[in-house]
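One structure below.
Chains as they are written, first to last, in our numbering: chain A, 159 to 298; chain B, 159 to 298.
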């Protein structure tokens with residue numbers, strides 16, 4: 159019986175040594191349990207992102223929670239979830255009226271939305287037109 | 159004297175009206191006081207970012223403070239400051255030895271570093287080689 163007990167103890171330790179690290183890494187990596195959504199948004203004055211110096215740039219992460227240097231991260235994430243991360247689906251608000259003054263502003267979005275790469279760039283005639291798009295995504 | 163006092167008061171109000179908004183906007187917009195540093199970093203298995211689905215993606219902002227979903231934001235920002243945001247200057251650590259197993263991993267960095275756009279992509283032969291680069295930037 160003593161030998162059997164020893165063998166059982168040895169087998170238990172072996173099982174712990176083999177399974178322990180696997181369990182540990184699964185617990186330590188919650189980031190792999192959901193598709194990542196991590197973005198950088200920029201704005202700058204000019205008509206093309208390739209020539210414009212970004213004046214503002216904010217981070218926005220929407221999983222597992224809404225965080226980032228974006229000043230309205232929770233609202234921006236909710237808005238993006240509502241359009242499935244499709245920035246081209248953002249609509250200009252009907253209650254905002256802008257002049258036609260041409261003082262172009264370019265916005266860019268890069269990163270990942272629910273595991274898919276995002277590369278978006280859009281030029282507006284002026285800052286008013288930019289601010290009229292959607293409600294919170296480009297309000298930074 | 160009364161007229162002089164009135165003029166002085168009127169001038170004072172005018173000065174407040176002209177200077178007030180300027181002071182106000184300078185105080186309300188600390189984001190414009192420093193060049194933004196906001197990045198999205200991704201990793202995925204494969205040999206090119208254009209075909210690889212990003213498995214992990216984290217945000218990293220280094221101004222005014224180190225924040226983001228990067229698990230070691232402060233260390234990563236310090237490391238990037240040390241190389242002036244030049245990702246090509248990251249060196250592989252000498253104390254790490256990797257096999258030559260080919261199981262490629264691609265990392266990407268997009269966004270803005272101190273007001274300048276960043277677009278970096280690098281493919282490693284395997285995850286060990288990726289982890290050996292620098293100390294904390296790609297440790298996510």
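Here a beta-carbon is modelled for each residue, glycine too, at the ideal position from N, C-alpha and C.
Owing to the predicted nature of the structure, the values given are computational and were not obtained by experimental measurement.
Exercise. What's the gap between the Cα of residue 192 of chain B and the Cα of residue 213 of chain A?
Worked result: Mapped onto the second chain, residue 192 of chain B falls at position 34. Mapped onto the first chain, residue 213 of chain A falls at position 55. Rounded to whole angstroms, residue 192 of chain B to residue 213 of chain A spans 9 Å at the Cα level.
Exercise. At a CB-CB cut-off below 8 Å, which residues of chain A make contact with residue 198 of chain B?
Worked result: As a working note, residue 198 of chain B is residue 40 in the second chain. In chain order: 196, 197, 198, 217, 268, 269, 270.
For this session: Return helix, strand or coil for residue 279 of chain B, following the three-state DSSP convention.
Result: The residue given as residue 279 of chain B occupies position 121 in the second chain. Strand.
For this session: Could you tell me how far apart the beta carbons of residue 231 of chain B and residue 218 of chain B are, in whole angstroms, since I believe they sit closer than 8 Å?
Result: To locate residue 231 of chain B, count along the second chain from 1; it is residue 73. To locate residue 218 of chain B, count along the second chain from 1; it is residue 60. Between residue 218 of chain B and residue 231 of chain B the Cβ distance is about 6 Å, and since that is below 8 Å, they are a contact.
For this session: Return yes when the Cβ of residue 245 of chain B is within less than 8 Å of the Cβ of residue 263 of chain B, no when it is not.
Result: By 1-based counting over the second chain, the position of residue 263 of chain B is 105. By 1-based counting over the second chain, the position of residue 245 of chain B is 87. Not closer than 8 Å, so no.
Problem set entry | Bounding residues of the beta strand (DSSP E) (the contiguous stretch that carries residue 218 of chain B) | The count along the second chain starts at 1 and reaches residue 218 of chain B at position 60. It spans 214-219 - the beta strand (DSSP E) in which residue 218 of chain B sits, taken as one unbroken run.
Problem set entry | Proximity test, Cβ basis, 8 Å: residue 243 of chain B and chain A | As a position in the second chain, residue 243 of chain B is number 85, starting the count at 1. Residue 243 of chain B does not count as touching chain A.
Exercise. How many whole angstroms separate the CB atoms of residue 209 of chain A and residue 266 of chain A, which I take to be in contact at a CB cut-off of 8 Å?
Worked result: One-based indexing of the first chain puts residue 209 of chain A at position 51. One-based indexing of the first chain puts residue 266 of chain A at position 108. That belief does not hold up - the Cβ atoms of residue 209 of chain A and residue 266 of chain A are roughly 12 Å apart, past 8 Å.
For this session: Measure the CB-CB distance between residue 222 of chain B and residue 298 of chain B and report whether it falls below 8 Å.
Result: Residue 222 of chain B sits at position 64 when you count from the first residue of the second chain. Residue 298 of chain B sits at position 140 when you count from the first residue of the second chain. No, they are not a contact pair.
For this session: Mind reading off the beta-carbon distance from residue 299 of chain B to residue 254 of chain B? Whole number of angstroms is fine, and I expect it under 8 Å.
Result: Residue 299 of chain B lies beyond the range of chain B shown here (159 to 298); nothing can be said about it.
For this session: State the DSSP-derived secondary structure class of residue 269 of chain A, mapped to helix, strand or coil.
Result: Here residue 269 of chain A corresponds to residue number 111 of the first chain, with the count starting at 1. DSSP places residue 269 of chain A in strand when its eight states are reduced to three.
For this session: Rounded to whole angstroms, what's the CA-CA distance from residue 196 of chain B to residue 243 of chain A? Just pull it up for me.
Result: Your numbering for residue 196 of chain B matches position 38 in the second chain. Your numbering for residue 243 of chain A matches position 85 in the first chain. Those two C-alpha atoms are separated by around 20 Å.
Exercise. Taking the DSSP output, what are the residues bridged to residue 197 of chain A?
Worked result: Counting from one through the first chain, the residue named residue 197 of chain A turns up at place 39. In DSSP, residue 197 of chain A forms a bridge with A/218, A/269.
Exercise. Taking just the CA atoms, how far does residue 205 of chain B sit from residue 238 of chain B?
Worked result: Indexing the second chain from 1 puts residue 238 of chain B at position 80. Indexing the second chain from 1 puts residue 205 of chain B at position 47. For residue 238 of chain B and residue 205 of chain B, the distance between alpha carbons rounds to 24 Å.
For this session: Could you name the residues of chain A that residue 239 of chain B contacts, counting a contact when the two beta carbons are closer than 8 Å?
Result: Along the second chain, one-based indexing puts residue 239 of chain B at 81. Going along chain A, no residue has its Cβ under 8 Å from residue 239 of chain B, so there is no contact; the nearest lies around 17 Å.
Exercise. Is residue 275 of chain A buried or exposed, if buried means 16 or more other CB atoms sit within 10 Å of its CB?
Worked result: The residue you call residue 275 of chain A lines up with position 117 of the first chain. By the 10 Å Cβ count, residue 275 of chain A comes out buried.
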